[in-house]
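S.K.: Handing you this structure, nothing more for now.
In the working numbering, the protein residues as written are 1056 to 1238.
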């Protein structure tokens, strides 16, 4: 079993599809699914660090069913069960039909080092203002895998962006993450 990390798939999201050079969300989604399944095998584990799709789960549930791997979700601000949304608790059960786990953040050991997983970086945003600071993990010296900033940066200090925009629209292997964190 291999382990992979990714974020910001943004299924069924017109704006992001256009920014990534696709005419329609359907073209974008088919391309992302193709690259995902060429990378991730059915028995692999994937940590998706949020912003799965745009809008309600029902709009992209069929796309999720096409993805290989056991997927664990760290919610992002576009995901219905994200704790920053008032009705997040009402969506947990439905999302657990598509994900092995759904959580706000996690901690993993990578090459003997504690690493935090969150949708948000410690600081920084792709729109200028640092939105959602109350939902960000405090920087207490641990490395952090995140998404949210799209192509703004790949690595900044101890923060590693595993988002599709800086990884050729495909998940990143654990070994590549370990090498980046060590470098």
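Think of the CB as a built atom: it goes at the ideal place given N, C-alpha and C, for glycine as much as any other residue.
Which same chain residues end up closer than 7 Å to residue 1095 when comparing Cβ atoms and leaving out the 5 residues on each side of it in sequence?
M.R.: Closer than 7 Å at Cβ, skipping near neighbours: 1059, 1101, 1123, 1124, 1226.
S.K.: Identify, in the order they occur along the chain, each residue of the same chain with its Cβ nearer than 7 Å to the Cβ of residue 1110, setting aside the five sequence neighbours on each side.
M.R.: If we look at residue 1110 and ignore the five residues flanking it on each side, its Cβ neighbours are 1067.
S.K.: Give every residue of the same chain whose Cβ lies closer than 8 Å to the Cβ of residue 1224, excluding the five residues on either side of it in the sequence, and list them in chain order.
M.R.: The residues are 1075, 1086, 1087, 1090.
S.K.: Checking 8 Å against the spacing of the C-beta atoms, do residue 1129 and residue 1236 come in under that value?
M.R.: Against a cut-off of 8 Å, the Cβ pair of residue 1236 and residue 1129 comes out as no contact.
S.K.: Using only the alpha-carbon positions, how far apart do residue 1229 and residue 1119 sit?
M.R.: Straight-line Cα distance between these residues: approximately 22 Å.
S.K.: With 16 other CB atoms within 10 Å as the buried threshold, where does residue 1202 fall?
M.R.: It is buried - the Cβ of residue 1202 has at least 16 other Cβ atoms within 10 Å.
S.K.: Leaving out the 5 sequence neighbours to the left and right, which residues in its chain are closer than 6 Å to residue 1156 when beta-carbon positions are compared?
M.R.: The residues are 1127.
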